[in-house]
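Data block below; observations after.
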Amino acid sequence: MRYLCLIYENEKNYATMPKGESDNVMAEYGAFTQGIKESGHYVGGNALQPTPSATTLRVRNGKVSTTDGPFAETKEQLGGYYLINAKDLNDAIQVASKIPSAKFGSIEVRPIMEFNQA
Amino acid sequence: MSELVADRIDEIYRSDSRQVLATLIRLLGDFDLAEEALHDAFMAALERWPNDGMPRNPRAWLVSTGRFKAIDRVRRRVSFDAAVSRFGEADDTVVSPLADDDDDSVPDDRLRLLFTCCHPALSPDAQIALTLREVCGLTTEEVARAFLTPPPTIAQRIVRAKAKIRDARIPYEVPSRGDLSARLDSVLHVTYLVFNEGYLASSGSALTRPDLSCEAVRLARLTLELLPDPEVM
């Protein structure tokens, strides 16, 4: 079963982080990604550019309107995601808990709605 | 004669229904289906045992009967193929009604049930309501009365918890060794909250409040019985 692991963290942390530390985080992410590829959990994943680069869009009455910024202003912002394959929620939690940002941010683990089941 | 049988069935309901339920949840993979199956199995017992006599292994009889009744129900709702593919896997831990008297031949699934109801992915309120309902066998009304909460609120909580278990696929199993300690914390925490709720309200409140402390003790005893662990003591 697939789960989406949404990575939430305070973007300001990265802004104020010394380069040595941010290199470490990158290395940790590299190792984590490699690890779940080997274990067969990895389906996909990406880091996202920070929320100032976001645009939020709505279509109402056929009219497209856009606003600058993310869907909602929050203390922790969506910074990336992993799409994983896991046996069950325990397995997914076990994988998600190793995402480097879990140590200082929050990971939302959401099951994918699978439509092809009998 | 049949009054004696009815009394025996009553006794068996009180002592064994939780265990039968726990096994049916494992075999059928669904809380609600298992509850319906439990009900059907006891109904069948009330009909058949006065005439056929008591089975040698009542628990195994109830599990088997419940399972078949559930398959019938599902078959009536979906295609035959889907039902077979869902329940058709050979399960060597299902015991035939003709099994010997040894109660141990029906595995005890209550530990799975307990750990599942106390899964940390469920909110603490949901864990408590679900545990009291499924593991302790309280009715929704009894749980509601005990926590001075309207029954529809408790009912909703339980419905949502079961939906979460199904949709997020919380597995129906005893945690692995590595996770056992943390997960046991959850179980003990629920037990403590239930006990506390009953203990603190012992002054002049509703009649059921002291019963809540009893349920907590019963829960603790069950946990100890199923999982002898120093922490539980």
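Protein chains in written order, with the numbering used here: chain A, 2 to 119; chain B, 684 to 916.
Backbone N, C-alpha and C fix where the C-beta goes; we use that ideal spot for every residue, glycine too.
Where residue i falls: helix, strand or coil (DSSP)
| i | result |
| --- | --- |
| A/S66 | strand |
| A/Q50 | coil |
| A/R111 | strand |
| B/V857 | coil |
| A/N11 | coil |
| B/N740 | coil |
| B/R680 | Residue 680 of chain B falls outside the range modelled here, since chain B spans only 684 to 916, and no answer is possible. |
| A/I100 | coil |
| A/L90 | helix |
| A/C6 | strand |
| A/L58 | strand |
| A/L1 | Lying before the first or after the last residue shown, residue 1 of chain A is absent from chain A, which here runs from 2 to 119. |
| B/L821 | coil |
| B/G749 | helix |
| B/S885 | The predicted position of B/S885 is uncertain, since its pLDDT is 49 and thus under 50; no value can be drawn from it. |
| B/V777 | Low confidence applies here, because B/V777 scores a pLDDT of 45, under 50, leaving its location unreliable; read the following figure in that light. B/V777: coil per DSSP, three-state reduction. |
| A/L45 | Before going on, a small fix: residue 45 of chain A reads as Gly here, not Leu. A/G45 falls in the strand class under three-state DSSP. |
| A/L79 | strand |
| B/S700 | helix |
| B/D783 | Note that B/D783 has pLDDT 42, beneath the 50 cutoff, so the model's placement of it is unreliable and the number below is only indicative. Correct three-state label for B/D783: coil. |
| A/E74 | coil |
| A/M27 | helix |
| A/F105 | coil |
| B/C868 | First, the residue type needs correcting, since residue 868 of chain B is Asp and not Cys in the sequence shown. B/D868 falls in the helix class under three-state DSSP. |
| A/M18 | coil |
| B/P834 | helix |
| B/G712 | coil |
| B/S896 | helix |
| B/C801 | coil |
| B/F725 | helix |
| A/F116 | coil |
| A/S40 | helix |
When the options are compared against residue i, the one with the closest alpha-carbon
| i | options | result |
| --- | --- | --- |
| A/P101 | A/K20, A/G36 and A/A16 | A/G36 |
| B/R756 | B/C801, B/D792, B/R904 and B/D715 | B/D715 |
| B/H722 | B/N740, B/D693 and B/P738 | B/D693 |
| A/G45 | A/A103, A/S98 and A/L7 | A/L7 |
| B/I695 | B/W744, B/G712 and B/D735 | B/W744 |
| B/C801 | B/G749, B/D868 and B/E719 | B/D868 |
| A/R111 | A/F105, A/K104 and A/A97 | A/A97 |
| A/G1 | A/K76, A/Y30 and A/I85 | This structure leaves residue 1 of chain A out entirely; chain A is present only between 2 and 119. |
| B/Y855 | B/E719, B/D792 and B/T822 | B/D792 |
| B/Y875 | B/S896, B/L687 and B/R758 | B/S896 |
| B/L707 | B/D690, B/R691 and B/F725 | B/F725 |
| B/L687 | B/R701, B/E718, B/A720 and B/G736 | B/G736 |
| B/A846 | B/S859, B/V826 and B/A809 | B/A809 |
| B/N740 | B/N734, B/A728 and B/F751 | B/A728 |
| B/S700 | B/G820, B/G881 and B/L796 | B/G820 |
| B/I841 | B/G861, B/S806, B/P738 and B/I754 | B/S806 |
| A/V26 | A/P71, A/E115, A/G106 and A/Y43 | A/G106 |
| B/T799 | B/A899, B/P835 and B/G712 | B/G712 |
| B/R691 | B/A705, B/R750, B/P733 and B/V703 | B/P733 |
| A/E109 | B/A804, B/H872 and B/K752 | B/A804 |
| A/L49 | A/T67, A/Y83, A/M2 and A/G63 | A/Y83 |
| A/S54 | A/P71, A/T67 and A/K99 | A/P71 |
| B/H872 | B/S859, B/V900, B/G861 and B/R843 | B/V900 |
| B/R731 | B/T748, B/E719, B/A720 and B/E718 | B/T748 |
| B/V703 | B/R760, B/G861 and B/L796 | B/L796 |
| B/L794 | B/E718, B/L863 and B/V877 | B/L863 |
| B/A720 | B/S698, B/L909, B/P738 and B/V746 | B/V746 |
| B/A705 | B/R742, B/A689 and B/P738 | B/R742 |
| A/F33 | A/Q95, A/S66, A/F116 and A/M114 | A/Q95 |
Proximity test, residue i beta-carbon vs the ligand FAD heavy atom, cut-off 8 Å
| i | result |
| --- | --- |
| B/L711 | This structure simply doesn't include the ligand FAD, nor any ligand for that matter. |
Selection of the stretch 853-869 of chain B by Cβ proximity to chain A, strictly under 7 Å: I853 and P854
Just by C-beta distance, which residues in the stretch 70-91 of chain A are closer than 9 Å to chain B? A87, K88, D89, L90 and N91
Indicate whether the contact test is met: 3 or more Cβ pairs, each with one atom in the stretch 850-858 of chain B and one in the stretch 80-96 of chain A, closer than 8 Å. yes
Output, in sequence order along the chain, the residues in the stretch 712-726 of chain B whose CB is closer than 8 Å to any CB in chain A. none
Below 7 Å between beta carbons is the criterion; list the residues of the stretch 798-827 of chain B that meet it against any residue of chain A, in chain order. A804
Closer than 8 Å between beta carbons: that is the criterion. Which residues of the stretch 42-57 of chain A meet it against chain B? none
Contact residues within the stretch 98-117 of chain A, judged by C-beta distance below 9 Å to chain B: V110, R111, P112 and M114
Can at least three beta-carbon pairs, one atom from the stretch 824-833 of chain B and one from the stretch 800-816 of chain B, be found at a separation below 8 Å? yes
Under 8 Å, with one C-beta from each stretch per pair, do the stretch 74-81 of chain A and the stretch 5-23 of chain A reach the 3-pair mark? yes
Proximal residues, the stretch 835-855 of chain B versus chain A, C-beta separation under 8 Å: D850, A851, R852, I853 and P854
Compile a chain-ordered list of the residues in the stretch 9-40 of chain A whose CB is closer than 8 Å to at least one CB of chain B. none
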